[in-house]
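Asker: Chains as they are written, first to last, in our numbering: chain B, 19 to 216; chain F, 19 to 216.
Sending over a structure as structure tokens; questions will come in a sec.
There are 2 protein chains.
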Amino acid sequence: MQTRSKNRKEQIVSVALDLLQVHGFENFSYLDIANRLSITKASIHHHFPKKENLGVALCQSVKQWHEKEFGKILANRSTAKTKLDTYVNGILRFSCGKNKICPLSSLQVDIASLPPAMQKELRLLDEHELGFIRDILVMGLKGDEFSFAGDVNSQAILVVLACKGALQYSRVHGDEIFEQTMNQIYVLLGSNVSQKEA
Amino acid sequence: MQTRSKNRKEQIVSVALDLLQVHGFENFSYLDIANRLSITKASIHHHFPKKENLGVALCQSVKQWHEKEFGKILANRSTAKTKLDTYVNGILRFSCGKNKICPLSSLQVDIASLPPAMQKELRLLDEHELGFIRDILVMGLKGDEFSFAGDVNSQAILVVLACKGALQYSRVHGDEIFEQTMNQIYVLLGSNVSQKEA
DNA sequence: GTCTATAAATGGATAGAC
DNA sequence: GTCTATCCATTTATAGAC
Chain B
19 MQTRSKNRKE QIVSVALDLL QVHGFENFSY LDIANRLSIT KASIHHHFPK
69 KENLGVALCQ SVKQWHEKEF GKILANRSTA KTKLDTYVNG ILRFSCGKNK
119 ICPLSSLQVD IASLPPAMQK ELRLLDEHEL GFIRDILVMG LKGDEFSFAG
169 DVNSQAILVV LACKGALQYS RVHGDEIFEQ TMNQIYVLLG SNVSQKEA
Chain F
19 MQTRSKNRKE QIVSVALDLL QVHGFENFSY LDIANRLSIT KASIHHHFPK
69 KENLGVALCQ SVKQWHEKEF GKILANRSTA KTKLDTYVNG ILRFSCGKNK
119 ICPLSSLQVD IASLPPAMQK ELRLLDEHEL GFIRDILVMG LKGDEFSFAG
169 DVNSQAILVV LACKGALQYS RVHGDEIFEQ TMNQIYVLLG SNVSQKEA
């Protein structure tokens, strides 16, 4: 049964990422992954001897995705609003299958139980993401696309929190919450988005 | 060792609430509670036969706290901003011991693993809290304390998300994040808070 | 109400055959 | 790389004595 088992490792990480976003790191087991891939727990231990190893691989996977996507978005010749939109839709694409939240939010809530190596990775990932959003906001201010009071860094934090919180909330209360929150964020950024409606 | 064991039940809920906010519902055990109270697991099963029973009791505990505090805040003859401040400080008092997040946020991330009875309770609690914040915002708008674009409900969602997200985030990145985010929220509500600084 | 003892299931992890 | 088999610790939960 070695159908492309060269990328078994990636398959495992992919399934684990899904489980992370639905159940949280401490709430899925090697057996869950094994069942989905129709292999045994022992096979997973071959690729990732300890769960901590898998956890670090998960962080690195998110990191790679960030670097790729953020780079692409910043390199684009597009407006700041479009960049932010792409991020939001990226979050959606990445996070919003059925019942999924942002993987970093998921790790944050389990922070107290995570091995130090993962805690460190998480901190770096959060900061990287925050810097990315801040860059977009700065660009939007300079180009007169955005206008808001307060300092850029605080506003960037608020935007990130709102996106992730909306995702978390909408899993419990329905998807409308997400759309509604995103619209309100644009309103607060001084970017008139309501005109696009019929 | 029956030192006031009439309220043993409350002691158990109290300890469980603390563990919920630090580790999450699926990430603490009866043994954790037992150790903190210097009793055995079996004693806890006497009060709460299944963990689901304890979970529902946790929700009811939060509900009681909400009803008491929200009622007190709304009954106060105080400005909308003061009411919001009291809520924020209440969240802090309630949530912000070392490494604690909002109990409802904690339950939200575990939603996929929670028994239906708890899911239902959580939904009601969230809606109750959201309505409370919306009431304060409406009051602030009417009294010309607040001024912001977009509709009140969306703004209320955003305020709640930001508070809870900031709590979650500050556990990983330090308490300054919380203060910073709260300040920015007041800025966006059109309530000038920066004047209080020296 | 609390205890000891124990059941039954699950989760992380390892050894060794194929 | 994957499997079977097994180990050990933990967790939820129950039975029954005090």
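No residue lacks a Cβ here, since even glycine has one placed at the ideal position from N, Cα and C.
#1: Quick one, are the C-beta atoms of residue 48 of chain F and residue 57 of chain F less than 8 Å apart?
#2: For the stretch 156-197 of chain B, which segments carrying the alpha helix (DSSP H) assignment without a break, of at least 4 residues, lie completely within its bounds, in sequence order?
#3: Please say whether residue 207 of chain B and residue 166 of chain B have beta carbons closer to each other than 8 Å?
#4: Which same chain residues, not among the five before or five after residue 164 of chain B, have their C-beta less than 8 Å away from its C-beta?
#5: Under a CB-based cut-off of 8 Å, is residue 41 of chain B close to chain F?
#6: What first and last residue would you give for the alpha helix (DSSP H) that runs through residue 49 of chain F?
#7: Cβ of residue 31 of chain F less than 8 Å from any chain B Cβ?
#8: Using three-state DSSP, classify residue 150 of chain B as helix, strand or coil.
#9: If you draw a straight line from the alpha carbon of residue 174 of chain F to that of residue 41 of chain F, how long is it in whole angstroms?
#10: CB residue 117 of chain B to CB residue 130 of chain F, shorter than 8 Å?
#11: Rounded to whole angstroms, what's the CA-CA distance from residue 68 of chain F to residue 106 of chain B? Just pull it up for me.
#12: Which residues of the stretch 180-195 of chain F have a Cβ closer than 7 Å to any Cβ of chain B? Give them in chain order.
#13: Using 8 Å as the threshold, is the C-beta distance between residue 124 of chain B and residue 43 of chain B below it?
#14: Using the beta-carbon of each residue, which ones in chain B are nearer than 9 Å to residue 128 of chain F?
#15: Answer with buried or exposed for residue 144 of chain B, where buried requires no fewer than 16 other C-beta atoms within 10 angstroms of its C-beta.
#16: Distance cutoff 8 Å, beta carbons only. Does residue 213 of chain F sit that close to anything in chain B?
#17: For residue 100 of chain F, which three-state DSSP category applies?
#18: Rounded to whole angstroms, what is the Cα-Cα separation between residue 70 of chain F and residue 115 of chain B?
#19: At a Cβ cut of 8 Å, what residues of the stretch 152-167 of chain B count as close to chain F, listed as they run along the chain?
#20: Name, please, each residue of chain B whose Cβ falls closer than 9 Å to the Cβ of residue 79 of chain F.
#21: Under 8 Å by Cβ, that's how I've got residue 179 of chain B and residue 204 of chain F pegged, so tell me the actual separation to the nearest angstrom.
Answerer: In short, the structure shows the following:
#1: Taking 8 Å as the Cβ cut-off, residue 48 of chain F and residue 57 of chain F do not qualify as a contacting pair.
#2: The stretch 156-197 of chain B is shown to contain whole alpha helix (DSSP H) runs of 4 or more residues at 170-191, in chain order.
#3: With respect to the 8 Å criterion, residue 166 of chain B and residue 207 of chain B are classified as neighbours on the basis of their beta carbons.
#4: For residue 164 of chain B, where only same-chain residues beyond five positions count, the Cβ hits under 8 Å are 98, 99, 155, 158, 207, 208, 209.
#5: Chain F has a Cβ within less than 8 Å of the Cβ of residue 41 of chain B.
#6: Segment 48-55, the alpha helix (DSSP H) holding residue 49 of chain F.
#7: Residue 31 of chain F does not count as touching chain B.
#8: Helix at residue 150 of chain B.
#9: About 27 Å.
#10: Result yes, Cβ atoms of residue 117 of chain B and residue 130 of chain F sit closer than 8 Å.
#11: Residue 68 of chain F and residue 106 of chain B have their alpha carbons spaced roughly 41 Å apart.
#12: Hits within the stretch, in order: 180, 182, 183, 184, 186, 187, 189, 190, 191, 195.
#13: For residue 124 of chain B and residue 43 of chain B, yes; Cβs fall inside 8 Å.
#14: Residues of chain B passing the Cβ test: 41, 42, 45, 127.
#15: The residue is buried, with at least 16 neighbouring Cβ atoms inside 10 Å.
#16: Any reading at residue 213 of chain F is ruled out, since the residue's pLDDT is 42, under 50, leaving its predicted position unreliable.
#17: Reduced to three states, the DSSP call for residue 100 of chain F is helix.
#18: Roughly 28 Å separates the two Cα atoms.
#19: Going along the stretch 152-167 of chain B in chain order, one finds 166, 167 with a Cβ nearer than 8 Å to chain F.
#20: Neighbours of residue 79 of chain F on chain B: none; closest Cβ ~19 Å, over 9 Å.
#21: That pair is no contact at about 15 Å.
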